[in-house]
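To keep things clear, I will list the structure first and then write my remarks on it.
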Amino acid sequence: MSVQVLAIAAHRDDVELTCGGTLARAAALGQATGIIDLTKGEMGTRGTAELREREATRAAEILGLRERVNLGFPDAGIFNTNETRAALVREIRRLQPAVVLAPALSGRHPDHRITAELVRDACFLAGLAKYAPGSAAHRPKKVLHCLSYREDHVKPTFVVDVSDVFEKKMAAIQAYESQFAGAVQAGEVFPTTESLFDVIRHHAAHYGSLIRVRYGEPFLTFETMRVDDVAALQVSTF
Ligand SMILES: [Zn+2]
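The sequence shown: position 7 = -13 (the working numbering), numbered continuously.
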């Protein structure tokens, strides 16, 4: 079963936090979507890996995913090696995504930073016919890096309008009750004096304001975006 949009992240709940709205929006547009979680979250301070699995399944239902896969890499021990690349290549070739959503290339958790590089490398290698022969080569057309919550001054290449599906994103995050009930910090979201869910909402409102909508999710690409009709460009200057 192939998917059009595939998000790959280190830990269950990373995708929901950084690009859950974009996946929900793709599903609303009729596109098949999926998530690959690289670890089972056994190093997490809260909850157990089993509980997080049930929560991840619930979140997948809320986001309308076609598929959610867990590769069982060691939590807090992800490395970009021949073995981890090969495992990811197998899944990329099986799911044949057109677009892959990856973590930001920097972050407070080393798993996030290393996963970003691992995902880019695996997407490239998956397209080499002679790499791991036995499954058909497939290279995603694009890799998009999620920029939500980043503090480094990287201007998003674009922001996805997730206003219509934002409450779905929040519900998918709230499915991780063991992680977030009463929590003030999650993933790359630093604590303030507000509830975690309010902080997430305010971040999304900021990104939305960059494209003059209520809620948005920001992304970075290294390749330049193409425009065919400058008169149809969105987002007003004034
Ligand atoms: Zn994480």
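C-beta: ideal position from N, C-alpha, C; glycine also.
- In this chain, H(-9) is not harboured by any beta strand (DSSP E), its DSSP state being neither H nor E.
- For I191, the secondary structure class from DSSP, reduced to helix, strand or coil, is coil.
- In this structure, I58 lies near L18, with their beta-carbon atoms less than 8 Å apart.
- For the stretch 18 to 93, the continuous beta strand (DSSP E) assignments of 3+ residues that do not extend past its boundaries occur at 47 to 53, 79 to 82, in sequence order.
- In this structure, the CA atom of V169 is about 6 Å from the CA atom of Y129.
- When DSSP states are grouped into helix, strand and coil, H118 belongs to the coil group.
- DSSP places E197 in the uninterrupted beta strand (DSSP E) bounded by 196 to 200.
- Note that the C-beta distance between Q(-16) and P83 is not below 8 Å.
- Taking 7 Å as the cut-off, the C-beta of G27 does not count as close to any heavy atom of ligand 1.
- Around the CB of T172, fewer than 16 other CB atoms lie within 10 Å, so the residue is classed as exposed.
- Look at T2 here: in three-state DSSP terms it is helix.
- Here H186 carries a helix assignment [DSSP, helix/strand/coil].
- Counting only unbroken stretches of 3 or more residues, the beta strand (DSSP E) elements lying wholly within the stretch 117 to 176 are 122 to 126, 138 to 141, in sequence order.
- At a threshold of 7 Å, D(-6) counts as near ligand 1, since its beta carbon sits closer than that to one of the ligand's heavy atoms.
- Comparing C-alpha distances from E157 to each of R(-8), A(-13), A184 shows the shortest one belongs to R(-8).
- A distance below 6 Å between beta-carbons, with the five flanking residues on each side excluded, links A29 to the following residues of its chain, in chain order: K20, G21, E22.
- The distance from the Cβ of K135 to that of V142 is about 19 Å, inconsistent with a contact at the 8 Å cut-off.
- When R93, M(-19), F146 are compared, the shortest CA-CA separation from I(-12) is found for R93.
- Between the alpha carbons of G162 and K110 lies a distance of about 50 Å.
- Straight-line spacing of the CA atoms in D132 and F199 works out to 13 Å.
- Separation of the CB atoms of A106 and A96 is rounded to 16 Å, and the pair is thereby denied contact status at 8 Å.
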